Each structure stands twice: as structure tokens, then as C-alpha cells.
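In this note's numbering, the protein residues as written are 131 to 337. The beta carbon of each residue, even a glycine, is placed where N, CA and C say it ideally should be. Bear in mind that the values here come from a model prediction, so they are computed numbers and not experimental data.
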């Protein structure tokens, strides 16, 4: 048996904690260890969002060849009027957050398979300085293989929220992971706060 990597140990510990119905916190500052967490939900309906045009971005209009791969960009509002940036390209979705959303790592992150996003966005909140502050989101992405050779999949993506440091933290396969929603929350609560988008690797569950 090959030795567990640090990421493997974290994944194993979190899965065991969820299965046992207990909460385990990875090493965090003392203030985070005693923090209170909660969730709120907002709708992510692109029909209710504002389209972003190439002209607004100072970009040329897509050519005929690009029309089939450039699906568009939208500006949406989430919890507490947080900006949610959504883009589609080559039948894949991209979701980022904050006023600098288009410059964040998350704006260029998606899944390898063709995909779409769900319409319910879960915001993980921490109670800090007498207010609830969002620090991560969880969104369900639906995937499919173009030739239909494999069944459609579902992945819960945990995204860290921090200006200048917005990116995917964990990809949880919802069809292969028991209690996938709770597992995703555990990764949000324990891994997102200290996650460094420039150097840390995304957690994949199962590995």
C-alpha cells in the first residue's frame, strides 16, 4: 500500500468524520477553530442576470468560427449583493466572484467534461465581528461526455472567496460520495480559509 499524501490524509479524515456524523477541523488559527458556520442559498438564474458584451469589455466581436465556442458572459448578484461572474465557452462553464472576478483564478477554472451549472448557490458563512461573512461557495455542476459513452455526472465544486484569492478548493463527485453535500461543506469550512490559490492543489473526492 502506497503511503498517504497530506491531501489523502485530509480527504480520509473528512470522509470518516462525515460518516461518523462528527465535525473535524484541520489545523487553523484559534479564532477559526471556535467559529460558527452556517449556509444561505441564492438562485443562479442566468435569465435574471445581466449579459456582459464583448464591446463592454473592449473586445472584438467573435468570429463565425468562435460563435459556437464563446457562449457568453453574465454578471449576477448573490448573497449580500456579492458579484457572481458566469461565463460559458466550448460548452463549459466558469464561475468567479467579487469585483475583480474576471481576474481571479476561478474565472479560468472549469471541468474537463462538457458541463452546465445548477441554479442553487450555497454560501458558507462564518460569524465574525458580529456579522456573517461569506468565505466559500458550493455549486453543483452537471457533466456529460460528448459521445454519450458515459452517464452524466454531478460534481460539487467548493470555491474560496477572498479578493485576489478566489479559486476552486475541492471537487466532490456527488454520485460517488456518500453525503456529498456535507463532505463539500467540510472542505469549505476546514480547507478554504487557509487555501492559497497560487500554490495549493485542488482536492478531488474520491481521489
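Tell me the rounded alpha-carbon separation between residue i and residue j.
i           : j           : result
residue 265 : residue 251 : 13 Å
residue 309 : residue 242 : 24 Å
residue 186 : residue 222 : 22 Å
residue 253 : residue 244 : 25 Å
residue 206 : residue 239 : 18 Å
residue 271 : residue 246 : 6 Å
residue 180 : residue 220 : 21 Å
residue 100 : residue 305 : No answer is possible for residue 100: it lies beyond the span of the chain, which begins at 131 and ends at 337.
Under DSSP, the alpha helix (DSSP H) around residue i begins and ends at which residues?
i           : result
residue 315 : 310-321
Can you tell me the Cβ-Cβ gap for residue i and residue j, rounded? I've got them flagged as a contact below 8 Å.
i           : j           : result
residue 291 : residue 314 : Contact doesn't hold; Cβ gap of about 14 Å is too wide.
residue 296 : residue 307 : Wrong, their Cβ atoms sit about 24 Å apart, outside the cutoff.
residue 167 : residue 269 : That pair is no contact at about 18 Å.
residue 273 : residue 283 : 4 Å
What is the DSSP secondary structure of residue i, reduced to helix, strand or coil?
i           : result
residue 249 : strand
residue 178 : helix
residue 238 : helix
residue 185 : coil
residue 231 : helix
Where do the N-terminal and C-terminal ends of the beta strand (DSSP E) with residue i fall, by residue?
i           : result
residue 263 : 261-274
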